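Chains as they are written, first to last, in the working numbering: chain A, 1 to 360; chain B, 1001 to 1360. Where a beta carbon is used, it is the ideal one built from N, C-alpha and C, also for glycine. From a predicted model like this one, the values you see are computed outputs, not experimental measurements. I have placed the structure first, in the form of structure tokens, so that the comments after it can refer back to it.
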């Protein structure tokens, strides 16, 4: 049912890469002095396979779903907040609504499996797999067929949209629990180091979440105390969520189609983790917007070798961090395309200008 | 001649501060989950003394001047680059031109003392104190009268402009040397830890810069091996630059008029350092855009207790980092003003919602 899209790794030693570096080094600034902006410009040039890339019709995709595990009390908020926040996204009052409006990002909320039947509204795409996952403390969160279906739906959501950028965000009460379980299953990091306070659990709430996730872990992923070897898709089905699976599919399709992927926070990064286990080259197409306040995120980013743009203690989700950094990414492209060269501006070069820096 | 403007410290325990925190905590997100965006929103609300602040007519001010000390070979670039880059700023080909255009920032280049006579052009304000400072390895960089004149000019540049935000940037071949000397004179940090590679000195160039700055230091600021006590204005006159002095004046006036100040990189931060020694409350009005790749900047920010928004290895100056972060600051205000509350959006609150978080 789900056929994983092929992804071409970026050629960082290619002729184009040299051309992009040369272009950056001839601009009216000391070589490398725009730091991270230069590495972003290089990455986007390589993704688009051109010296003067353009960012076209960026798509802010927010995947929403409910989690059966929420019944075990792993969140500070009641499960109905998932559906209520979807309404808030569409009404324009949520953080992601404000940020998407500020930057002119096309915002689509995808109902990946919310426990509520929405009527059709502009900006909402209904791709509901079920009314929430099953409670993974009792059984697998989804069937293998549901998992495949969700991955495929994520692909299709991207395929059906124009442009060359996707920004990935999510909403789902209980989904930091699901992301922590996936992280523990697919990295060498211990489960305890993957679990955080989510939307803001207090000490007692955190202790309860840890106990619940240990129970889930023992049911699905531990073998006499050590980790079993779950395949990425087994882990996704047993421990994941519909919104996470759809983000995984969306990322794979976006990278296949050479679109830039802007990854929001902990849960979106967990979806990318699953995607990298299927197609490692997907990482070449990703920009990690920020390191969130959710405690497992820093270690997860380090595991992936991802270098986040911001470290602001954001922990909201919704794609808010991805939308927030959008103008920074746009700046990298503007600078690459619009800056004058030393020659064209008549600016004197370095006193030792025969030495071209090897930066960035 | 220069009368230092009065600055009112922000009242972080005021009723308004409580109102702003309450407003942020009632928005449809877990309290504190927008991290740094919430502290920015709080700061801007306090600066403007209102619950719904607005950012009006942000002024990107780039102060340019030459440095007599450049003759001693403290930069990788020849001194004529200062004037050439001013032309480039005005022609639209420099990084700051691109970023100001992207964000609709009014860009003004102030000739604070460039060694070149510009003709009048839109976007250029001529406030030239002299054709560059004197060589501070031989004598004070400027006279006390020139220093006062530059501070006053910086005040006036801000006074003459509308709006409630100033973004401070600079251009001046040799000015990381001047900033390092000011940092050493006005903080407990040793001179050697204040000196960096500027626009990209190699090892030999850095060694030469260190030797030159030690000579300057011994001439003006050391007394039998330990630091003398230079007053802030003595340090500014002996070691500073016209663009640095004007930025100091601009910051003091901006804070006096309750404008937000967005500080670019190492040199702009050195100007703020001088300002804080005159009026400590100026810091309440500052946002530090980024921690630059120039090696002294991190320690200088730590000395000031400033928490930079980005850590991207930028080291260009021109105000480029300040302009880059502009939309992030705008986001903080949009979110504060436009997000729905739990009540207005009909979203269920925390399960333990009687406990209002004390964040941010």
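Taking the Cβ atom as the reference point for each residue, do residue 1252/B and residue 1004/B lie within a distance shorter than 9 Å? yes
Can you tell me whether residue 284/A sits near the ligand SAM, meaning its C-beta is under 8 Å from at least one heavy atom of the ligand? The model on display carries no ligand, and the ligand SAM is accordingly not part of it.
Residue 296/A and residue 266/A: beta carbons closer than 9 Å? yes
Determine the closest residue to residue 57/A out of 351/A, 192/A, 104/A and 316/A, with distance taken between C-alpha atoms. The residue among 351/A, 192/A, 104/A and 316/A with its C-alpha nearest the C-alpha of residue 57/A is 104/A.
So does the region 1319-1328 of chain B actually touch the region 1258-1265 of chain B, counting three or more Cβ pairs closer than 8 Å? yes
May I have the straight-line CA-CA distance separating residue 1360/B from residue 75/A, to the nearest angstrom? Per-residue confidence for residue 1360/B stands at a pLDDT of 41, beneath the threshold of 50, marking its modelled position as unreliable; the derived number appears in the next sentence. Going by the C-alpha atoms only, they are around 20 Å apart.
Collapsed DSSP secondary structure at residue 1125/B in the structure displayed: strand
Quick check: the Cα distance between residue 1017/B and residue 1042/B, rounded to an integer number of angstroms? 7 Å
Helix, strand or coil for residue 1229/B? Go by DSSP, reduced to three states. coil
Thinking residue 1102/B and residue 334/A are a contact (beta carbons under 8 Å), I'd like their distance in whole angstroms, please. 5 Å
Closer than 8 Å by C-beta to residue 96/A: which residues in its own chain qualify, once you throw out the five before and the five after it? Chain order, please. 60, 62, 89, 107, 169, 318, 319, 320 and 323
If we define contact as Cβ-Cβ less than 9 Å, is residue 1176/B a contact residue for chain A? no
Between the region 146-160 of chain A and the region 202-215 of chain A, can you find at least three pairs of beta-carbon atoms closer than 8 Å? no
Spell out the partners DSSP gives residue 1170/B in its beta bridges. 1063/B
Can you name the residues of chain B whose CB is closer than 7 Å to the CB of residue 9/A? None at all; the shortest Cβ gap to chain B is about 25 Å.
Cut-off 6 Å between Cβ atoms - residues of its own chain near residue 179/A, not counting five sequence neighbours on either side: 266, 267 and 270
Cβ-Cβ distance between residue 1136/B and residue 1219/B below 9 Å: Yes, the pair counts as a contact, with Cβ atoms nearer than the cut-off.
Could you check if residue 1339/B is buried or exposed, using at least 16 other CB atoms within 10 Å of its CB as the buried criterion? The residue in question, residue 1339/B, is buried, as its Cβ has 16 or more Cβ neighbours within 10 Å.
Report the option in 1092/B, 1138/B and 1114/B whose CA atom is closest to the CA atom of residue 1122/B. 1092/B
Residues in its own chain within less than 6 Å of residue 336/A by CB, not counting five upstream and five downstream? 41
In chain order, what residues of the region 1013-1032 of chain B put their CB closer than 9 Å to some CB of chain A? 1027, 1028, 1029, 1030, 1031 and 1032
State the Cα-Cα distance for the pair residue 355/A and residue 25/A, rounded to the nearest angstrom. For residue 355/A, the predicted model reports a pLDDT of 48, less than 50, meaning its position is unreliable and no value from the coordinates is stated.
Applying the criterion that 16 or more other CB atoms from any shown protein chain within 10 Å of the CB defines a buried residue, is residue 250/A buried or exposed? That one is buried.
Any C-beta of chain A sitting closer than 9 Å to the C-beta of residue 1110/B? No - not a single Cβ of chain A is within 9 Å of the one on residue 1110/B.
Pairs of beta-carbons, one from the region 48-55 of chain A and one from the region 225-234 of chain A, closer than 8 Å: are there three or more? no
Secondary structure, alpha helix (DSSP H): runs of 4+ residues fully inside the region 1016-1059 of chain B: Segments of the alpha helix (DSSP H) lying fully in the region 1016-1059 of chain B: 1035-1048.
Just to confirm the assignment, what range does the beta strand (DSSP E) spanning residue 1108/B have? 1106-1113
Cβ closer than 8 Å: which chain A residues qualify as neighbours of residue 1246/B? Ordered by position in chain A, no residue passes the 8 Å Cβ test against residue 1246/B, which lies about 23 Å from the chain.
Any idea if residue 1352/B is buried or exposed, counting beta-carbon neighbours within 10 angstroms, 16 or more meaning buried? exposed
Quick one: give me the first and last residue of the alpha helix (DSSP H) that residue 1099/B is part of. DSSP places residue 1099/B in the uninterrupted alpha helix (DSSP H) bounded by 1095-1103.
Quick one: what's got a C-beta closer than 8 Å to residue 1221/B's C-beta in the same chain, skipping five residues either side? 1181, 1184, 1185, 1227, 1228, 1230, 1235, 1238 and 1239
Do you know how far the Cα of residue 84/A is from the Cα of residue 346/A? Taking the straight line from one Cα to the other gives about 58 Å.
Short CB-CB distance (under 9 Å) between residue 1158/B and chain A: Chain A contact via Cβ: absent.
Cutting at 6 Å between CB atoms, please list the residues of its own chain near residue 187/A, excluding the five before and the five after it. 303
Where residue 287/A sits in the DSSP three-state scheme: strand
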